[in-house]
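In terms of full-length UniProt numbering, the sequence shown opens at residue 1 and continues consecutively.
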Amino acid sequence: MEEQKSKVILHGMWASTYSKRVEIALKLKGISYEYVEEDLKNKTETLIQLNPVHKKIPLLVHDGKPVAESQVILDYIDETWMSSPRFYPEDPYERAQVRFWISYINQHVFDVMARVLYQKGEAATRSVEVARERFEVLEEGLKKHFPNKIIRGNDDVGLLDIIIIASFGVHKVFHEAIGVEIIDPVNTPTLYNWIEQLQQLPVIKEVEVPHDRLVTFLQKYRQEHLQQAANA
Numbered sequence: 001m002e003e004q005k006s007k008v009i010l011h012g013m014w015a016s017t018y019s020k021r022v023e024i025a026l027k028l029k030g031i032s033y034e035y036v037e038e039d040l041k042n043k044t045e046t047l048i049q050l051n052p053v054h055k056k057i058p059l060l061v062h063d064g065k066p067v068a069e070s071q072v073i074l075d076y077i078d079e080t081w082m083s084s085p086r087f088y089p090e091d092p093y094e095r096a097q098v099r100f101w102i103s104y105i106n107q108h109v110f111d112v113m114a115r116v117l118y119q120k121g122e123a124a125t126r127s128v129e130v131a132r133e134r135f136e137v138l139e140e141g142l143k144k145h146f147p148n149k150i151i152r153g154n155d156d157v158g159l160l161d162i163i164i165i166a167s168f169g170v171h172k173v174f175h176e177a178i179g180v181e182i183i184d185p186v187n188t189p190t191l192y193n194w195i196e197q198l199q200q201l202p203v204i205k206e207v208e209v210p211h212d213r214l215v216t217f218l219q220k221y222r223q224e225h226l227q228q229a230a231n232a
């Protein structure tokens, strides 16, 4: 099989949601790969040389050829390894909806979650309000365009699912780390149940980060950022 003939290397970082997206995609496709954990404060020369524009993770190296940027990598994986599951629906309209809501998550939801993590006081309160407003929009969009979502196995997982679970699968960790709950079964039942279904899949369990380790990491990362802001 092509997967066995190819040499695939992923440069990533264990707590990065963008890196996690690529890990999930590779696992879903059954692609064997070598994983290189990067220290973002002391990146490998290989990463810098192969991704000279951004010098960031994730970086996929396929038979010596580098592919950078998580969304580009995900599309590359789906177009190179055409085995099931395919990441986009066959129907053009459904495909367009998947692309739209992925764009919405990337541009309008994920960034405000980061602001909540980095802020405190009134600024944090306002960011939480904005986050809840945007999650409400996402909730209604998922309910309208993807009704009765059922995930029984890997073949039911597409690109939108990958983005959702990688971005929001740690929402309970986020809640414990900073005391803010935005995704819950009452206010965002569609999204909450979507995440719960995905988390039952063995392939998702394989790439899960230990809960306590991530809580500690987020708390430390938050304190470092707040301290830097106070000293600026």
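Backbone N, C-alpha and C define an ideal beta-carbon position, used for all residues, glycine too. A quick note: this is a predicted structure, and the numbers were derived from the prediction, not measured.
* To do: State the CB to CB distance for the pair residue 116 and residue 180, rounded to an integer number of angstroms; the pair is presumed to be in contact (CB under 8 angstroms).
  => Contact holds; Cβ gap of about 6 angstroms.
* Under 9 angstroms between the Cβ atoms of residue 61 and residue 10? -> Contact check for residue 61 against residue 10 passes: the beta carbons are separated by less than 9 angstroms.
* Whose CA, out of 120, 148, 108, lies closest to the CA of residue 227? -> Residue 227 has its Cα closest to that of 120, out of 120, 148, 108.
* For residue 65, which of helix, strand or coil comes out of DSSP? -> Reduced to three states, the DSSP call for residue 65 is strand.
* Going by alpha carbons, who is nearest to residue 51 out of 70, 33, 217? -> Ranking the options by Cα distance to residue 51, first place goes to 70.
* Rank 229, 57, 213 by C-alpha distance to the C-alpha of residue 21 and give the top, closest one. => Residue nearest to residue 21 within the set 229, 57, 213 is 57 (criterion: CA-CA distance).
* Determine the burial state of residue 53: buried for a count of at least 16 other Cβ atoms within 10 Å of its Cβ, exposed for fewer. => Here residue 53 is exposed, its C-beta having fewer than 16 other C-beta atoms within 10 Å.
* First through last residue of the beta strand (DSSP E) which encompasses residue 9 -> Counting along the chain, the beta strand (DSSP E) containing residue 9 begins and ends at 8–12.
* residue 4 - DSSP class collapsed to helix/strand/coil -> Confidence at residue 4 is low in this model, with a pLDDT of 49, below 50, so its placement is unreliable and the value that follows should be read with caution. Note: residue 4 maps to helix in three-state DSSP.
* **Separation of residue 90 from residue 113, as counted between CA atoms** => Rounded to whole angstroms, the gap between the alpha carbons of residue 113 and residue 90 is 32 angstroms.
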